[in-house]
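Below is one structure, written out as structure tokens; the observations come after it.
In the working numbering, the protein residues as written are 2 to 579.
Shown next, in the form of structure tokens:
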């Protein structure tokens, strides 16, 4: 019997509470000390289609979904047809045998648990849409989870405002829980849960971590036009607007959004916007304006499958070179990319600091698998202090002759905002003098361009250098960025268990790029494997452009699905012939 190590998946038609039920399952597991990683799939439709919520559970930290599942909860026949091949031998299917016929299942190595979901729901006077809660209870009954913890998790999920809903869901879940325990020998099912600790954890998405990072960074103006996969940043922050004094706006489009954010930053507050690839296309001219006016700005770019509308609800890492080269002309921009949910929090905070310190647009690139996946996490470090950068003191302004774009050794000029006495200047998207007056003379143009790019040179000295994770004497070095980090870390555990020494280089900062440090690491590697969710290897291109290094082995995936740790494990073993 396997304890505290399994994978559970719930599937059904959109509109039947798949996402809420999955999150409750995940949180109930974390409340007995277990670690979870949640991965969701849903189609690019306004309404309807197949939704699936997968929760991987273990008694040690995990960082990615895996392919095999041990227990499938099917609210309709389509779920079985789509996912039966993912079930491990002796895996189970919870289904309503009065609604679903599995005579054509085609597998005799599975355990079938007929639970009359609809009938049980009717018996307690509930609605048809609450059969997901019956199935949730049946899952916990089969896994032998403590009912008291399950009940409290359900009640907490709906809070004070949803007491009546919570009561109905608790009754529905208890009906499923009791039915399985009364009608099946649950110990025939090989996977079980046991409490290992009372340690409290969070279960967060990457979007929520970005939102928390923005709050802790002191954001005061957020303007986001909803676009998958970053839409939940808007709704998350809107829930905290009054508590933290944040103006949260939904504009009419992405052009309005970024220009409003630039305007708010011009007035002195920390401001941000967020979008995906298609929306970012519309923002390109405004990014250039932030660059030439030296206005601090944070933009979150959440990647999804392109081009054009592409695959809006599926993953890809195809925007890297686009973000690095956005806009016409040359201007400095700072670009960084978290690799997981925890990094999303800390790098969002850092993005705001860099934007203000260097008076520059900062772009944080993330992707669908980070934005919308959930993970159990320890609480973040909230002792970090916010520091405001670059503002001219009133004493300095009172001396007169204030130059907003003053030539300095660092490239950073003293910043005033409208309303500061003696801090008047002209803000223009034309090339300009130190005061802000329009100017196209040769000497001024060269000085201004050099001034702006000196900021990037100084930023490069500040950013943390990349470091290897894993074995110093590795047989192979894995290289990646973004959400592939989680699968790499999990695959490295398996490879080490097989006696293979491996290490990992994650690229976080792309502009300025730590070329010397990256090249020094790669030159020492015995073998290299670069891993990306792209067709043509954009990270490999960037590294080759910056360092001249060419990778000997690649793992590229561009079907919208995650890169699984199994795929990395198998690829490494094939390269090493082990």
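All residues carry an ideal CB built from backbone N, CA and C; glycine is no exception. Owing to the predicted nature of the structure, the values given are computational and were not obtained by experimental measurement.
In this structure residue 256 touches residue 283 by the C-beta definition: roughly 5 Å separates them, less than 8 Å. Boundaries of the beta strand (DSSP E) around residue 71: 70-75.
Residue 525 sits exposed, since fewer than 16 C-beta atoms from the chains shown fall within 10 Å of its C-beta. Membership of residue 39 in the beta strand (DSSP E) is indicated by the continuous run 36-42. Your pair residue 324 and residue 364 checks out as a contact, with CB atoms roughly 5 Å apart and the cut at 8 Å.
Straight through space, the alpha carbons of residue 527 and residue 143 are spaced by roughly 48 Å. Fewer than three beta-carbon pairs drawn from the segment 364-376 and the segment 396-406 are found closer than 8 Å, and the two stretches are therefore not classed as touching. Taking 9 Å as the cut-off, the Cβ atoms of residue 529 and residue 552 count as close. Residue ranges of uninterrupted beta strand (DSSP E) with 3 or more members, entirely inside the segment 194-269 and ordered along the chain, are 203-206, 222-224, 248-250. Residue pairing of residue 151 in beta bridges, as defined by DSSP: absent, with no partner found. Beta-bridge partners of residue 96 (DSSP): 115. Note that the C-beta distance between residue 532 and residue 509 is not below 9 Å. Secondary structure of residue 6 (DSSP, three-state): coil. One Cα belongs to residue 469, the other to residue 425, and the distance between them is close to 48 Å.
In the three-state reduction of the DSSP assignment, residue 420 falls in the coil class, being assigned neither a helical nor a strand state. Following the DSSP letters along the chain, one finds residue 566 inside the alpha helix (DSSP H) bounded by residues 566-577.
Along the segment 378-418, the alpha helix (DSSP H) occurs as fully enclosed runs of 4 or more residues at 395-399, listed in sequence order. Following the DSSP letters along the chain, one finds residue 446 inside the alpha helix (DSSP H) bounded by residues 443-463.
Under the three-state reduction of DSSP, residue 122 is assigned to helix.
Straight across, the Cα-Cα distance linking residue 383 with residue 376 is about 19 Å. Comparing C-alpha distances from residue 175 to each of 186, 361, 208, 116 shows the shortest one belongs to 116. Following the DSSP letters along the chain, one finds residue 133 inside the alpha helix (DSSP H) bounded by residues 132-144.
Remark: C-beta atoms of residue 206 and residue 318 do not approach each other more closely than 9 Å. Across the structure, residue 139 and residue 304 are spaced so that their CA atoms are roughly 37 Å apart. In the DSSP assignment, residue 533 falls within the unbroken beta strand (DSSP E) covering 529-533. Distance from the Cα of residue 554 is smallest, within the candidate group 219, 361, 477, 22, for 477. When rounded, the separation of the alpha-carbon atoms in residue 66 and residue 230 is 18 Å. Annotated as distal: residue 187 and residue 301, with beta-carbon spacing of 9 Å or more. Remark: C-beta atoms of residue 56 and residue 10 approach each other more closely than 9 Å. The beta carbon of residue 431 is closer than 7 Å to those of 439 in its chain, skipping five residues each way along the sequence. Linking residue 343 to residue 203 through their CA atoms gives a straight-line distance of about 11 Å. Under the 8 Å Cβ criterion, the segment 483-501 counts as touching the segment 338-352, having at least three qualifying pairs. Under the three-pair Cβ rule at 8 Å, the segment 451-470 counts as touching the segment 405-415. By the criterion of a C-beta distance shorter than 6 Å, residue 407 is surrounded in its chain by 414, 435, once the five residues flanking it on both sides are discounted. Going by DSSP, residue 276 is part of the beta strand (DSSP E) stretching over 272-276.
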